[in-house]
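A.B. asks: 1 is the number of the first residue of the sequence shown in the UniProt record's numbering; add one for each residue after it.
The beta carbon of each residue, even a glycine, is placed where N, CA and C say it ideally should be.
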Amino acid sequence: MLVTAESCTGGWVGQTVTAVPGSSAWYERGYITYSNTAKREMLGVQQATLDQYGAVSPQTAQEMAIGALNRSHAQISVSITGIAGPDGGTATKPVGMVCFAWAAQDGLVQQETRYFTGDREAVRRQAVATALQGILRILDNATAVA
Numbered sequence: 001m002l003v004t005a006e007s008c009t010g011g012w013v014g015q016t017v018t019a020v021p022g023s024s025a026w027y028e029r030g031y032i033t034y035s036n037t038a039k040r041e042m043l044g045v046q047q048a049t050l051d052q053y054g055a056v057s058p059q060t061a062q063e064m065a066i067g068a069l070n071r072s073h074a075q076i077s078v079s080i081t082g083i084a085g086p087d088g089g090t091a092t093k094p095v096g097m098v099c100f101a102w103a104a105q106d107g108l109v110q111q112e113t114r115y116f117t118g119d120r121e122a123v124r125r126q127a128v129a130t131a132l133q134g135i136l137r138i139l140d141n142a143t144a145v146a
């Protein structure tokens, strides 16, 4: 089973996976945690993490992925937090910066930060594709080990 925790993509990963017939057999739930309050309340992201690293950081993405996994019956989670634009970027966190994390019940946690280009929709589309590719990578590795 899969659980998603999305911020800048606003549920687009969940929408994409549920477009697949039969996805109810492997997609359990999704969290859309756009605000810091939602990240804290729904996923258990620590205020200290948000204060020290910000909402758009690998650390926050990891806490989102682990929190989603711990609050579900899924075996794999993916989280996305980023700056889709057109505003909101800084010199150190520009528009297009998106942080991802994937977690699995076996303790596997992977993180990735990408810097996408294009308008808001293009950034979000690329983020969704990256999130899904990461899920497939984890599943491929699990199949290779089994």
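Are at least three pairs of beta-carbons, each pair with one atom in the stretch 68-77 and one in the stretch 20-38, less than 8 Å apart?
C.D. replies: In this structure the stretch 68-77 lies against the stretch 20-38, because at least three pairs of beta carbons, one per stretch, are closer than 8 Å.
A.B. asks: As a quick exercise: from S72, R114 and G10, pick the residue whose alpha carbon is nearest that of N57.
C.D. replies: The residue you call residue 57 lines up with position 57 of the sequence shown. For the sequence presented, residue 57 should be read as Ser rather than Asn. Per the Cα distances, R114.
A.B. asks: Grab the span of the beta strand (DSSP E) containing V56 for me, first residue to last.
C.D. replies: Counted from its first residue, the sequence shown places residue 56 at position 56. From DSSP, V56 is part of no beta strand (DSSP E); its letter is neither H nor E.
A.B. asks: Taking all protein chains shown into account, do 16 or more other C-beta atoms lie within 10 angstroms of the C-beta of V128, making it buried, or fewer, making it exposed?
C.D. replies: By one-based count along the sequence shown, residue 128 stands at place 128. V128 comes out buried.
A.B. asks: Using a threshold of 7 Å, state whether the C-beta atoms of W26 and L43 are closer than that.
C.D. replies: Looking up residue 26 in the sequence shown gives position 26. Looking up residue 43 in the sequence shown gives position 43. Cβ distance not < 7 Å, so W26 and L43 don't count as in contact.
A.B. asks: For I76, collect the residues of the same chain with a Cβ closer than 8 Å to its Cβ; drop the 5 residues on either side in sequence, then sort them by chain order.
C.D. replies: Reading the sequence shown from its first residue, position 76 is the one you call residue 76. Close CB contacts of I76 within its chain, under the 8 Å cut and outside five residues either way in sequence, are with M1, L2, V3, L69, W102, A103, A104, Q105, I135, I138 and L139 (chain order).
A.B. asks: Take E121 as the anchor and find which of A61, G54, K93 and I83 has the nearest alpha-carbon.
C.D. replies: Here residue 121 corresponds to residue number 121 of the sequence shown, with the count starting at 1. Checked all of A61, G54, K93 and I83; the closest Cα to E121 is I83.
A.B. asks: Can you tell me whether residue 147 is buried or exposed, with buried defined as 16 or more other CB within 10 angstroms of its CB?
C.D. replies: What the structure shows of the chain is the stretch from 1 to 146, and residue 147 is not part of that stretch, so it cannot be assessed.
A.B. asks: Is it true that the CB of A55 sits closer than 7 Å to the CB of T81?
C.D. replies: The sequence position of residue 81 within the sequence shown is 81, counting from 1. The sequence position of residue 55 within the sequence shown is 55, counting from 1. Closer than 7 Å, so yes.
A.B. asks: Can you look up V123 in the DSSP assignment and give me helix, strand or coil?
C.D. replies: By one-based count along the sequence shown, residue 123 stands at place 123. V123 falls in the helix class under three-state DSSP.
A.B. asks: Could you pull the DSSP bridge partners for T113 from this structure?
C.D. replies: Here the question's residue 113 lines up with position 113 in the sequence shown. Bridge partners of T113: C99.
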